[in-house]
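>
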Amino acid sequence: MTGMNYFNYIRNNITEILNNLKKTGCLPVSVDIANFSVEPARDRNHGDIATNVALALSKSANLKPRDLAQEIVACLKINDEIESVEIAGPGFINIILKDIFWQTRLVEVLKNGNEYGSIKKDLNKLINIEYVSANPTGPMHVGHGRGAVVGDVLANLLGKVGYRVTKEYYINDAGTQIDILTKSLFFRYQEALGLDVGNMPEEYYPGDYLAELARNLAEKDGDKWVQIIKEEGYASLKQVSIEAMMELIRSDLFSLGIVHDVFVSERDIVNNNEVTEALETLKQKGLVYQGVLEPPKGRRPDDWEPRPQTLFKATQFGDDVDRPVKKSDGSWTYFATDMAYHRDKFKRGFKDMINIWGADHSGYVKRMKSAVVALTDGLGQLDVKICQMVNLMDNGKPLKMSKRSGTFVTLRDVIDEVGKDVVRFMMLTRKNDAQLDFDLVKVKEQSRDNPVFYVQYSHARCCSVLRNALDIFNKSEIDDNDLIKADISLLTDSSEINLIKIIASWPQVVLGAAESHEPHRVAYYLYELSSAFHSLWSKGSKERVSLRFLVPKNRTLTLARLAMVRSLAITIASGLEVMGVEPLEEME
RNA sequence: GGCCCCGUAGCUCAGCUGGAUAGAGCAACAGAUUUCUAAUCUGUAGGUCGCAGGUUCGAAUCCUGCCGGGGUCACCA
2 MTGMNYFNYI RNNITEILNN LKKTGCLPVS VDIANFSVEP ARDRNHGDIA TNVALALSKS
62 ANLKPRDLAQ EIVACLKIND EIESVEIAGP GFINIILKDI FWQTRLVEVL KNGNEYGSIK
122 KDLNKLINIE YVSANPTGPM HVGHGRGAVV GDVLANLLGK VGYRVTKEYY INDAGTQIDI
182 LTKSLFFRYQ EALGLDVGNM PEEYYPGDYL AELARNLAEK DGDKWVQIIK EEGYASLKQV
242 SIEAMMELIR SDLFSLGIVH DVFVSERDIV NNNEVTEALE TLKQKGLVYQ GVLEPPKGRR
302 PDDWEPRPQT LFKATQFGDD VDRPVKKSDG SWTYFATDMA YHRDKFKRGF KDMINIWGAD
362 HSGYVKRMKS AVVALTDGLG QLDVKICQMV NLMDNGKPLK MSKRSGTFVT LRDVIDEVGK
422 DVVRFMMLTR KNDAQLDFDL VKVKEQSRDN PVFYVQYSHA RCCSVLRNAL DIFNKSEIDD
482 NDLIKADISL LTDSSEINLI KIIASWPQVV LGAAESHEPH RVAYYLYELS SAFHSLWSKG
542 SKERVSLRFL VPKNRTLTLA RLAMVRSLAI TIASGLEVMG VEPLEEME
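Following this line, the structure appears as structure tokens:
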């Protein structure tokens, strides 16, 4: 890893001590020493690091927690990077590291630049992340945008911690919605040709984007599609409309800075017989049968009737009911093709899969997970992240949206209004499973309660200091290689050490966010980091002028502080890079 | 009615997979501006972590049951 994960460092230290204690007989050999935590102390006053190792192991070691802690503490004191160790409460061990330990972290940052916090690629760690997968029936809306950002940033995070990531988009191009899309397009096309087709049927897609596409088609091809459809049906026009819609979506995604590696078509899955194969696999396992489902309890749909169906035994894997795989007209259900699709992912070598879905799909999670377990004999691992709704607001008031009334705000509208970076950052200011308010006015405010601005501003301030440093130094005296050699032991003020500690925790934040699949943690981390910096800045600007970064009379001290400021800028930029947000060097 | 998510300060939300006295921002109140960009900072006040049980050395966190809000519910995708 580029940059030390200091919790792991201490953990390894303790593990070593425990093994030694086993050798000397202080600790029974049978004790499992894997399960204990090494974490930041909740209260800073308790120290930099706290571990519950003595509490966690006392029972199986048959020792009192504080006695065991005593033994461990005695050994920890030998580590000369540790300032002090003490036992607290029922048996916690609190560790304070020496300033020089923290100061040295800056060297790591400067050495690694934007790679700070990254872990070397492990070619065997494959992971597939499927996100967006919006139906190709129109432009993306803001809800899609959230899933897009969450997925994309999670992909970046996983890449940063060493995974070989494949970013994937599943094109739902096989269902009835596409038929409606095609008919809607044909309707508009006939209109564009000046033919009298009456009013548009209720179920058709009314959007302007289709009318526009139809006009282009009429201009380019004349009336040739009327003939084609009469003779051959909708197949080739369907192809045209899917391609056009995907182009629209790709361009929406591109304006958010998102480019998928792989697009998989549902029709290809069906045409390649993969659904049949997947179902055959399940049949052989005895997981498919003909049966009649109970009606949904409580609220029975009007048109419900008992009907024999081909069912997958999802209940055997924790789902609530068994799930149909065939429609009454004999074609596959969406679930059936989706099963085949996930089997396809697994066959391509992905044991680890992540799907990012919208809130409206939450009822679908259990069956999909069941299917993955069934199809891969439990070897495949699927995690589904559900993104809750985005409530668009206009200065505190909810924005009423309706496709029909034309007040519908697309993702593209929002990006045009506030910019890609703001959209990306804001989408991560809540955890994915909580609803998110997106206020078009507030995100443009330049104040502390706008996190995008607040973080950008701290980066700009760093850059400002480095620019002003050119009054004291030549450019060639303060590049990163020079700053590495600065006497960082001069950074001793508690505000400085505090800032450095937060900088030093970036590698853990990256790893934690990646492993728990929680990209929002990056946004919160950057906010905290920025706050520590603004605080130090203000201290220097008035209370104690001695804390200013630039001290013209003391070049050595200034260099040390520049090393810190530069490290901070690198860390913020590195975090923003993960989020896909451009760091600003100057703000007006 | 079943399932999924949410419920933490007046408001908007964090809480690092079970740790110690539960944290930020906004709003309120009191301060700091001849600046390395005050677009910022410092302080005060504010809580029965929805309710009730359970698990254990220890629960906002895990389990069960309620209450409230949102989403979803065979042959749509």
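Mapping the first sequence onto the working numbering, position 42 (from 1) lands on 43, and the numbers just tick up by one. Just so you know, even glycine gets a beta-carbon here, dropped at the ideal spot from N, CA and C.
1. Give every residue of the same chain whose Cβ lies closer than 7 Å to the Cβ of D494, excluding the five residues on either side of it in the sequence, and list them in chain order.
2. Quick check on F93: does DSSP put it in helix, strand or coil?
3. Candidates S575, Y171, D304: which alpha carbon is nearest V110's?
4. How big is the Cα-Cα spacing for K421 and P29?
5. What's the call for Y342, buried or exposed, on a 16-neighbour Cβ count within 10 Å?
6. With V424 and V410 assumed to form a contact (beta carbons below 8 Å), what rounded beta-carbon distance in angstroms separates them?
7. In angstroms with no decimal places, state the Cα-to-Cα distance between N356 and I79.
8. Taking only the alpha-carbon atoms, compute the straight-line gap between R45 and C464 and give it to the nearest angstrom.
9. Could you tell me how far apart the beta carbons of N451 and V442 are, in whole angstroms, since I believe they sit closer than 8 Å?
10. Looking at the structure shown, is N46 part of a helix, part of a strand, or coil, going by DSSP?
11. Do you know how far the Cα of A360 is from the Cα of I387?
12. Rounding to the nearest angstrom, what Cα-Cα distance links H142 and L412 in this structure?
13. For the beta strand (DSSP E) containing L201, list its first residue and its last residue.
14. Could I get the ranges of all uninterrupted alpha helix (DSSP H) runs contained in the segment 204-238, with 4 residues as the minimum, in chain order?
15. Taking the beta carbon of I571 as the centre, do at least 16 other beta carbons fall within 10 Å, making it buried, or is it exposed?
16. Note down, one range per segment and in chain order, each beta strand (DSSP E) of at least 3 residues found wholly within the segment 262-323.
17. In the DSSP assignment, find the alpha helix (DSSP H) that holds G146 and state where it starts and stops.
18. Does DSSP put V166 in a helix, a strand or coil?
19. Which two residues bound the contiguous alpha helix (DSSP H) that contains N20?
20. If you pair each beta-carbon of the segment 510-517 with each one of the segment 152-172, do three or more pairs fall below 8 Å?
21. Are the segment 555-562 and the segment 466-484 in contact at 8 Å, needing three or more beta carbon pairs?
22. Comparing C-alpha positions only, which one of C27, D33, L22, A57 sits nearest to N39?
23. For the segment 393-403 against the segment 126-139, are there 3 or more C-beta pairs whose distance is under 8 Å?
24. Got a sec, what are the start and stop residues for the beta strand (DSSP E) M354 sits in?
25. What does the alpha-carbon distance come out to for the pair D353 and L127?
Well, looking at it:
1. Correct list, in chain order: L548.
2. Strand at F93.
3. Ranking S575, Y171, D304 by Cα distance to V110 puts S575 first.
4. In a straight line, the C-alpha of K421 is about 58 Å away from that of P29.
5. Y342 should be labelled buried.
6. The beta carbons of V424 and V410 sit about 12 Å from each other, so the pair does not count as a contact at 8 Å.
7. Cα-Cα distance, rounded: 47 Å.
8. Their Cα atoms are separated by approximately 29 Å.
9. Between V442 and N451 the Cβ distance is about 10 Å, and since that is not below 8 Å, they are no contact.
10. It is helical.
11. Between I387 and A360, the alpha-carbon positions lie close to 6 Å from each other.
12. Straight-line Cα distance between these residues: approximately 5 Å.
13. Checking the displayed sequence, the identity of residue 201 turns out to be Met instead of Leu. Careful: M201 lies outside any beta strand (DSSP E) and carries neither H nor E.
14. Scanning the segment 204-238 for uninterrupted alpha helix (DSSP H) segments of 4 residues or longer gives 209-222, 225-233, listed from N- to C-terminal end.
15. Under this definition I571 is a buried residue.
16. Those beta strand (DSSP E) runs which fall completely within the segment 262-323 and span 3+ residues are 263-266, 289-293, 309-313.
17. Unbroken alpha helix (DSSP H) run through G146: 143-161.
18. In the structure shown, V166 sits in a strand (DSSP, three-state: E or B).
19. Counted as a single uninterrupted DSSP element, the alpha helix (DSSP H) harbouring N20 occupies residues 7-24.
20. At 8 Å Cβ cutoff, the stretches touch.
21. Verdict: yes, contact present.
22. Per the sequence shown, residue 39 should be read as Val rather than Asn. Closest by alpha carbon: A57.
23. Contact between the segment 393-403 and the segment 126-139 is absent, with fewer than three C-beta pairs closer than 8 Å.
24. For M354, the enclosing beta strand (DSSP E) stretches over residues 353-359.
25. Each residue's Cα considered, the two are about 7 Å apart.
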